[in-house]
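Q: Residue numbers (numbering that gives the first Met the number 0): 0 to 63.
We put the CB at the ideal spot given by N, CA and C, even for glycine.
Please read all numbers here as calculations on a predicted model, not as lab measurements.
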Amino acid sequence: MTGTKREYIKQGSRVKVVQKQDQRSGKLTEGIVADILTNSLIHPHGIKVRLENGVVGRVKEILN
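Here you go:
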């Protein structure tokens, strides 16, 4: 599932995100959502989150 809708992303969800510096390469980082940073319900590039390890990125895939 893609990460463009906020309603599908919860704290504790396992996701893959793309960090700002990895947008060109498309490299994904997997982790568990600690905080949801995007306030809008939908974002075309993915909802911005902070993972438990401190990484901030936009959700590209929801794993569970």
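With 16 other CB atoms within 10 Å as the buried threshold, where does residue 41 fall?
A: Exposed: under 16 other Cβ atoms inside 10 Å.
Q: Near residue 83, what residues of its chain come up, given a Cβ to Cβ distance below 7 Å and the 5 sequence neighbours on each side ignored?
A: Only positions 0 to 63 of the chain appear in this structure, which leaves residue 83 out of reach.
Q: Please state the DSSP three-state secondary structure of residue 13.
A: Strand.
Q: For residue 57, is the classification buried or exposed, using 16 other Cβ atoms within 10 angstroms of its Cβ as the cut-off for buried?
A: By the 10 Å Cβ count, residue 57 comes out buried.
Q: Which one of 53, 35 and 54 has the shortest CA to CA distance from residue 47?
A: Per the Cα distances, 35.
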